[in-house]
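Chemist: Sharing a structure here in structure tokens format.
Protein chains: 2
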Amino acid sequence: MRQSELFTTTRREAPTDEVARNAQLLIRAGYIHKEMAGVYSLLPLGLRVMEKIISIIREEMNAIGGQEVALSALQDKAVWQKSGRWSDDVVDVWFKTMLKSGTELGLGFTHEEPLTSLMVEYIHSYRDLPRAVYQFQTKFRNETRAKSGIMRGREFVMKDLYSFSRDNAEHEKFYERAKQAYTRVFNRVGLGERTYITYASGGTFSKYSHEFQTLCAAGEDTIYVCDTCHSAVNDEIIDECMHTCPQCGSRDLRTETAVEVGNIFNLGTKFSDVFGLQYLDERGVAQPVVMGSYGIGPGRVLGTIVETLSDERGIVWPKSVAPFAAHLVALTGKGTDAVMVREATDTLYENLRQRDIAVLYDDRDVQAGEKFADADLIGIPLRIVVSAKTLAQKKIEVSTRSGGEKKMIDEKEIHTLF
Amino acid sequence: MRQSELFTTTRREAPTDEVARNAQLLIRAGYIHKEMAGVYSLLPLGLRVMEKIISIIREEMNAIGGQEVALSALQDKAVWQKSGRWSDDVVDVWFKTMLKSGTELGLGFTHEEPLTSLMVEYIHSYRDLPRAVYQFQTKFRNETRAKSGIMRGREFVMKDLYSFSRDNAEHEKFYERAKQAYTRVFNRVGLGERTYITYASGGTFSKYSHEFQTLCAAGEDTIYVCDTCHSAVNDEIIDECMHTCPQCGSRDLRTETAVEVGNIFNLGTKFSDVFGLQYLDERGVAQPVVMGSYGIGPGRVLGTIVETLSDERGIVWPKSVAPFAAHLVALTGKGTDAVMVREATDTLYENLRQRDIAVLYDDRDVQAGEKFADADLIGIPLRIVVSAKTLAQKKIEVSTRSGGEKKMIDEKEIHTLF
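Have a look at this one:
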């Protein structure tokens, strides 16, 4: 799209009350808008990145058989009372509200209860299993402090998947596939190398759960990284593990600060028991369904990418999640070449559009320095510059946001860039 | 997808407390799940239809220059106090909630206030106008009664677009384009013929607003239809109009019951004045921005399609919004032909998938009668049947859900159906 038409512009300063680097950069570059502490709206550039991240997660969830739904945010007290999680003493992040009749409602902070309750209507026989159901849904959490930008919001989109299996063996098989799918997600969004499958406390039904922790100075977690097998242990169980990697047995662990970008958890029959989610096995005997839960916050992933990959000039998006594939910059200047540069860049823009390449075209009437500074802040991975100088050589200038090295290429070679 | 893997099944009965035909059919066919009165979750089939409707609306909003955002549901009291709409005496559909600090928050029932407030940061000059900003966002409305199924929910997705113009003339031009875009939306989703641009009360800044009203027995509105010019007048202003069509002057009007599927409204400078949304014109003089609002509820559109196009056997989707392009039904039977039929249908299914045709494949081990009844209820527009009988003729049987007429065609002609 033409940058002159994009309604957002870059800003020199983020709001003074914004302390998180991810939100500061995203606000300054026009990706998000701060409504209040922990509550952010997505602007066109931010929505584009969010949609890219969501698409990648969706593909991987579909690939392991996930079926997508969209549950409601408004929650029925009666459903949550069954599991004992309605009480504010048990769950301290509820937002509660009320119907005009005085009936209390909650705003969903997770969806084990309503989904398990719903599946009771659809799972009856061993033939109805296994199942995996997921959603991208807005969660509400009444966080006491919200100082981590979009990495810990009071309102945020969560991808939560729940698995339903006949028994532990079937559950373990799916759990393993989900773990691999999560690994692919973090590789694809550009966080793979920094992200560690991390052993964490498991609860009643298994010794460990698994978190996906990305090394990040702004993270809230401490993990012990094992370089021998590229896994890690959460601080909360390091004593229990006797400072030994549960995966490979190594005792050579180093502490790091990290952010939890995903987690997978064996729920066992905790919720099935509460809601009576049972199936009849091949012999006609009622059995409880074994469940798992699998969460990724696309907004936290977005924030983590900004925290870990940005530099002093601004954001640096990986190709896979960038809002546009290329930032096309016309350096029209003030002289007699202006019209020629404008026309040549317009033509190039149309050519790229016709090839379905998503381009942000800086067609604004501002100085080159401002264009480059804005492009650095916005962080689109590939930059294409057209100027009187490049046209004199019948070339275009291309550079990457990450490396910055420039090269001159023929316009007809442009398809090799994408 | 294979129907044996789809986690939902059809149900003989809707919940007894569900009185709306749209929700009854959608629940029975497995499109939605009722969480409580006025609150429904979308199941895989329902989400597919919703996404189709949203895609059509998105295309039309982008075509008139709309830029997509996603504002927060949680609302800052201070912003709404400025416009005087925070008070429950003024707005009777608020859901309110509270931070732990005791600060009150609202759940957005519309977004004029936060968006106008946001645009103050981005609109400064005449060069920054016109702009059109829209979203598909979950609204919360504390309706006293919620008996219309998904046509009036307490939680629902709304497409709300807001326009920002330099003056009335520029506003009128956009308003006209939006009206045409809305007309295209309702044509594309299959409601065009039944939908009338309806004159309604205009408020402070223009004589009329415009509603898009679809004839529907379950609707809550009474309109006066003018067959001379295919427009209508809302009951609320029929006296003011002296029972005359404002469009063509005809007095030959007939009353109908209808549902409001969209509305477009001139907001004038009401919100710009409150939030100080001004721009400097070419002469450097500050001017207030002229705004418009344009709403469509995709869920209400979905419900209206079900209300108006279903028959006694179930739902009848228009092609454009159907969850799948075709319902492929294998009649395997019990005899020796079962394996042959299964294999032939599997092959056909794979062929269709490879052509990227979205097919629901009824591969279940149930009787033909049950398969046909389910297919009728689910309402996919095209049905393809494979049986020993069709294979003996080296044909497949195709029929449409709306007409029901069957014909036998060669499998290689199948591409002509899509």
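First to last, the protein sequences are chains A and B.
The first sequence begins at 1070 in this note's numbering and counts up one residue at a time.
The second sequence begins at 1070 in this note's numbering and counts up one residue at a time.
Just so you know, even glycine gets a beta-carbon here, dropped at the ideal spot from N, CA and C.
Quick caveat: nothing in here was measured; it's all calculated off a predicted structure.
Specify, as a first and last residue, the run of the alpha helix (DSSP H) that P1113/A falls within.
Modeler: The sequence position of residue 1113/A within the first sequence is 44, counting from 1. Segment 1113-1132, the alpha helix (DSSP H) holding P1113/A.
Chemist: With DSSP as the reference, label V1359/A as helix, strand or coil.
Modeler: The sequence position of residue 1359/A within the first sequence is 290, counting from 1. Three-state DSSP puts V1359/A in a strand.
Chemist: Give the secondary structure of N1332/A by DSSP, where H, G and I count as helix, E and B as strand, and everything else as coil.
Modeler: Along the first sequence, one-based indexing puts residue 1332/A at 263. Strand, per DSSP.
Chemist: Starting from I1374/B, trace the alpha helix (DSSP H) in both directions and tell me its first and last residue.
Modeler: By one-based count along the second sequence, residue 1374/B stands at place 305. Segment 1367-1378, the alpha helix (DSSP H) holding I1374/B.
Chemist: Please check the pair P1315/A and V1294/A, which I expect to be a contact at CB under 8 angstroms, by giving their CB distance rounded to whole angstroms.
Modeler: Position 246 of the first sequence, counted from the first residue, corresponds to residue 1315/A. Position 225 of the first sequence, counted from the first residue, corresponds to residue 1294/A. Wrong, their Cβ atoms sit about 13 angstroms apart, outside the cutoff.
Chemist: Along chain B, which residues have their Cβ under 7 angstroms away from the Cβ of P1113/A?
Modeler: The sequence position of residue 1113/A within the first sequence is 44, counting from 1. By Cβ distance, chain B contributes Q1136, E1137, V1138.
Chemist: For S1232/A, which option in Q1204/A, R1257/A, V1254/A has the closest C-alpha, if you only look at C-alpha atoms?
Modeler: Indexing the first sequence from 1 puts residue 1232/A at position 163. Of Q1204/A, R1257/A, V1254/A, the residue nearest in Cα terms is Q1204/A.
Chemist: For K1169/B, which residues in chain A fall below 8 angstroms Cβ to Cβ?
Modeler: Counting from one through the second sequence, the residue named residue 1169/B turns up at place 100. By Cβ distance, chain A contributes N1211, T1213.
Chemist: Counting only Cβ pairs nearer than 7 angstroms, list the residues of chain A close to F1164/B.
Modeler: In the second sequence, the residue the question calls residue 1164/B occupies position 95. By Cβ distance, chain A contributes T1166.
Chemist: Let me make sure I understand the geometry here. Which of D1157/A, L1187/A, R1422/A has the alpha-carbon closest to that of L1174/A?
Modeler: Residue numbering aside, residue 1174/A sits at position 105 when the first sequence is read from its first letter. Of the listed residues, the one whose Cα sits closest to L1174/A is D1157/A.
Chemist: Answer yes or no: does any C-beta atom of chain B fall closer than 9 angstroms to that of M1130/A?
Modeler: The residue given as residue 1130/A occupies position 61 in the first sequence. It does not; no Cβ of chain B falls within 9 angstroms.
Chemist: At the 9 angstroms Cβ level, is A1142/A part of the contact set with chain B, yes or no?
Modeler: Working through the first sequence from its first residue, we reach residue 1142/A at position 73. With 9 angstroms as the cut-off, A1142/A counts as an interface residue toward chain B.
Chemist: According to DSSP, simplified to helix, strand and coil, what is K1208/B?
Modeler: Taking the second sequence and counting its residues from 1, the one referred to as residue 1208/B is at position 139. If DSSP states are grouped into helix, strand and coil, K1208/B belongs with the strands.
Chemist: Residues of chain B with a CB under 7 angstroms from the CB of R1223/A: which are they?
Modeler: The residue you call residue 1223/A lines up with position 154 of the first sequence. Within chain B, the residues near R1223/A are L1143.
Chemist: So that I know if they touch, is there some Cβ in chain B lying closer than 9 angstroms to that of I1192/A?
Modeler: Taking the first sequence and counting its residues from 1, one reaches residue 1192/A at position 123. I1192/A counts as touching chain B.
Chemist: Would you report the Cα separation of L1176/A and G1438/A, rounded to the nearest angstrom?
Modeler: Counted from its first residue, the first sequence places residue 1176/A at position 107. Counted from its first residue, the first sequence places residue 1438/A at position 369. Approximately 47 angstroms between the Cα atoms of the pair.
Chemist: In three-state DSSP terms, what is R1090/A?
Modeler: By 1-based counting over the first sequence, the position of residue 1090/A is 21. In the three-state scheme derived from DSSP, where H, G and I count as helix and E and B as strand, R1090/A is classed as helix.
Chemist: Report the residue from D1432/B, K1481/B, E1137/B, G1368/B whose alpha carbon sits nearest the alpha carbon of N1420/B.
Modeler: Counted from its first residue, the second sequence places residue 1420/B at position 351. That would be K1481/B, whose Cα lies nearest to the Cα of N1420/B.
Chemist: Return the first residue and the last residue of the alpha helix (DSSP H) that Q1282/A is part of.
Modeler: One-based indexing of the first sequence puts residue 1282/A at position 213. The continuous stretches of alpha helix (DSSP H) do not include Q1282/A, which lies in the beta strand (DSSP E) extending over residues 1277-1284.
Chemist: Considering Q1150/A, what are the terminal residues of the alpha helix (DSSP H) in which it resides?
Modeler: The sequence position of residue 1150/A within the first sequence is 81, counting from 1. Unbroken alpha helix (DSSP H) run through Q1150/A: 1146-1152.
Chemist: Taking the alpha-carbon of T1377/B as reference, which of L1284/B, V1467/B, N1332/B has the nearest alpha-carbon?
Modeler: The sequence position of residue 1377/B within the second sequence is 308, counting from 1. Nearest of L1284/B, V1467/B, N1332/B to T1377/B, Cα basis: L1284/B.
Chemist: Give me, in chain order, the residues of the same chain whose beta-carbon lies closer than 6 angstroms to that of F1164/B; leave out the 5 immediate sequence neighbours on both sides.
Modeler: Taking the first residue of the second sequence as position 1, residue 1164/B is located at position 95. Taking C-beta separations shorter than 6 angstroms and ignoring five residues to either side along the sequence, the partners of F1164/B in its chain run L1176, F1209, N1211, following chain order.
Chemist: Let me check understanding here. Comparing Cα to Cα, which of M1105/A, I1101/A, E1129/A lies closest to A1119/A?
Modeler: Your numbering for residue 1119/A matches position 50 in the first sequence. Note that residue 1119/A is Met in the sequence shown here, rather than Ala. Considering only alpha carbons, the answer is I1101/A.
Chemist: Note down, in chain order, every chain B residue with its Cβ under 7 angstroms from the Cβ of V1202/A.
Modeler: Start at 1 with the first residue of the first sequence, and residue 1202/A comes out as number 133. Those within 7 angstroms of V1202/A in chain B are F1076.
Chemist: Run through the DSSP bridge pairs and tell me what I1292/A is partnered with.
Modeler: Walking along the first sequence from the start, residue 1292/A turns up at place 223. Per DSSP, the beta-bridge partners of I1292/A are N1303/A, E1325/A.
Chemist: Hey, is the segment 1252-1269 of chain A in contact with the segment 1391-1409 of chain A, meaning 3+ C-beta pairs nearer than 8 angstroms?
Modeler: The segment 1252-1269 of chain A is not in contact with the segment 1391-1409 of chain A.
Chemist: Here's the rule: buried if 16 or more other CB atoms are within 10 angstroms of the residue's CB, otherwise exposed. What is H1299/B?
Modeler: Taking the first residue of the second sequence as position 1, residue 1299/B is located at position 230. H1299/B should be labelled exposed.
Chemist: Tell me the DSSP secondary structure of T1485/A in three-state form.
Modeler: Along the first sequence, one-based indexing puts residue 1485/A at 416. Note: T1485/A maps to helix in three-state DSSP.
Chemist: So with CB distances below 7 angstroms, who are the chain B contacts of C1102/A?
Modeler: The count along the first sequence starts at 1 and reaches residue 1102/A at position 33. Just to set this straight, residue 1102/A is His in the shown sequence, not Cys. Here the neighbours are L1187.
Chemist: Give the single residue among A1215/A, L1095/A, R1080/A, A1457/A whose Cα lies nearest to the Cα of L1371/A.
Modeler: By 1-based counting over the first sequence, the position of residue 1371/A is 302. Out of A1215/A, L1095/A, R1080/A, A1457/A, L1095/A has the C-alpha closest to the C-alpha of L1371/A.
Chemist: Among the candidates F1334/A, G1218/A, R1097/A, whose CA atom is the shortest distance from the CA of A1247/A?
Modeler: Locating residue 1247/A in the first sequence gives position 178, where the first residue counts as 1. Taking only the C-alpha atoms, the option nearest A1247/A is F1334/A.
Chemist: Measuring CB to CB, does T1213/A end up less than 9 angstroms from I1447/A?
Modeler: Against the first sequence, residue 1213/A aligns to sequence position 144. Against the first sequence, residue 1447/A aligns to sequence position 378. No, they are not a contact pair.
Chemist: Counting Cβ pairs, one atom from each stretch, are 3 or more of them under 8 angstroms apart for the segment 1125-1134 of chain A and the segment 1190-1199 of chain B?
Modeler: no
Chemist: I want to see whether chain B comes within less than 9 angstroms of T1207/A, judged by CB atoms only; does it?
Modeler: As a working note, residue 1207/A is residue 138 in the first sequence. So, interface residue.
Chemist: Under a Cβ-count criterion, where at least 16 other Cβ atoms within 10 Å of its own Cβ denotes burial, should G1472/B be classed as buried or exposed?
Modeler: Position 403 of the second sequence holds residue 1472/B. Under a 10 Å Cβ-count criterion, G1472/B is classified as exposed, with fewer than 16 other Cβ atoms of the shown protein chains found around its own Cβ.
Chemist: Would you mind stating whether A1327/B and D1296/B have Cβ atoms separated by less than 9 angstroms?
Modeler: The residue you call residue 1327/B lines up with position 258 of the second sequence. The residue you call residue 1296/B lines up with position 227 of the second sequence. Cβ distance not < 9 angstroms, so A1327/B and D1296/B don't count as in contact.
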